[in-house]
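Q: Residues 8 to 224 (the working numbering) are what the sequence shown spells out, left to right.
If you scroll down you'll find the structure; I have some questions about it.
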Amino acid sequence: MTVNQQRLAYGTTVTVGPPKTAASRRTVALDRTTVTALRAHRRRQEKERAAAGQAWKDTGYVFTTTDGQPLHPDYLTRRFRSLVTASGLPPVRLHDLRHGTASLAHSAGVDLKTVQEQVGHSSIVLTADTYTSVPTDMHRKAAEATARLVLAAAARGPKRRKRPTAGPPTKSAATETAPRPEPVRPRPSRCRRKGNRRRTHMTPTRHPRSTNDRAGR
């Protein structure tokens with residue numbers, strides 16, 4: 008399916024224009040079930056065209072009225088709302104189908120880059136934060152996968168250390184690099200300690216000279 012234009016409704020006026028962004032122009036792959044349903048729809052449409060005769064308008068649209076005119080966008084919104092009410096499902100908008108498609112594709116294992124191109128987003132951040140949600144089943148699968156990984160590692164047990172080969176004993180790095188203790192200095196002897204004592208200052212005493220010393224002069 009190729010998306011190359013969009014229809015915008017302003018009341019009763021409908022205009023046709025290009026998509027909002029360049030990423031909106033895209034080609035979407037369809038599954039076989041959807042292709043089968045579209046082929047059955049085309050066969051019904053061919054019968055309507057034959058029944059309409061000259062009144063048929065060949066507009067080229069896939070979904071049309073009984074005379075070939077394209078459907079009004081507001082009609083699709085009202086029709087979808089009535090179908091949701093009749094099915095008994097919780098209230099959901101037509102635009103919410105984009106959210107559901109992105110979430111279901113992500114739950115099925117599709118990577119975010121592919122989901123981004125499917126919904127036509129210009130940024131993968133918008134796809135990851137807004138248009139995808141993780142259901143409860145995926146949380147359970149993630150928990151089981153994590154538990155299996157841990158239990159498998161525990162079952163293998165810790166790895167055995169290799170025994171050192173026989174050989175001359177070598178000093179370990181811790182012994183070689185260990186700091187040596189400082190040598191203990193011997194205490195000084197008692198005599199040396201007495202010599203180191205501080206001597207008291209003594210004033211010299213003058214003695215009177217003897218008479219011999221005076222006579223000698």
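Ideal placement from N, C-alpha and C gives every residue a C-beta, glycine not left out.
Excluding the 5 residues flanking Pro26 on each side, which residues of the same chain have their C-beta closer than 6 Å to its C-beta?
A: As a first step, residue 26 is located in the sequence shown; it is residue number 19 there, counting from the start. Within the same chain, Pro26 has close Cβ partners Gln13 and Arg32.
Q: Do you know how far the Cα of Arg147 is from the Cα of Val157?
A: For the purposes of this step, residue 157 is identified with residue 150 of the sequence shown, where counting begins at 1. For the purposes of this step, residue 147 is identified with residue 140 of the sequence shown, where counting begins at 1. Cα to Cα, Val157 sits roughly 16 Å from Arg147.
Q: Whole angstroms is fine: what's the gap from Arg105's alpha carbon to Arg88's?
A: As a first step, residue 105 is located in the sequence shown; it is residue number 98 there, counting from the start. As a first step, residue 88 is located in the sequence shown; it is residue number 81 there, counting from the start. Cα to Cα, the separation comes out at about 16 Å.
Q: Report the rounded CA-to-CA distance for Thr92 versus Leu78, giving the unit in angstroms.
A: For the purposes of this step, residue 92 is taken as residue 85 along the sequence shown, with counting starting at 1. For the purposes of this step, residue 78 is taken as residue 71 along the sequence shown, with counting starting at 1. Answer to the nearest angstrom: the Cα atoms are 21 Å apart.
Q: Which of the three DSSP states is assigned to Thr92 in this structure?
A: Start at 1 with the first residue of the sequence shown, and residue 92 comes out as number 85. The answer is helix: DSSP assigns Thr92 an H, G or I state.
Q: Compute the distance between the beta-carbons of Leu96 and Thr84, then report whether it is under 7 Å.
A: Taking the sequence shown and counting its residues from 1, one reaches residue 96 at position 89. Taking the sequence shown and counting its residues from 1, one reaches residue 84 at position 77. Cβ distance not < 7 Å, so Leu96 and Thr84 don't count as in contact.
Q: List the residues that DSSP assigns as beta-bridge partners of Thr34.
A: The sequence position of residue 34 within the sequence shown is 27, counting from 1. DSSP output for Thr34 lists Thr9 as bridge partner(s).
Q: Nearest to Arg51 by CA position, among Ala36, Gly75, Gln61 and Leu37, is which residue?
A: Here residue 51 is taken as the residue at index 44 of the sequence shown, counted from 1. Nearest option by C-alpha distance: Gly75.
Q: Assuming contact is defined by CB atoms lying nearer than 7 Å, are Leu119 and Thr134 in contact in what I supplied?
A: One-based indexing of the sequence shown puts residue 119 at position 112. One-based indexing of the sequence shown puts residue 134 at position 127. Contact: yes.
Q: DSSP on Gly60, reduced to helix/strand/coil?
A: Against the sequence shown, residue 60 aligns to sequence position 53. It is helical.
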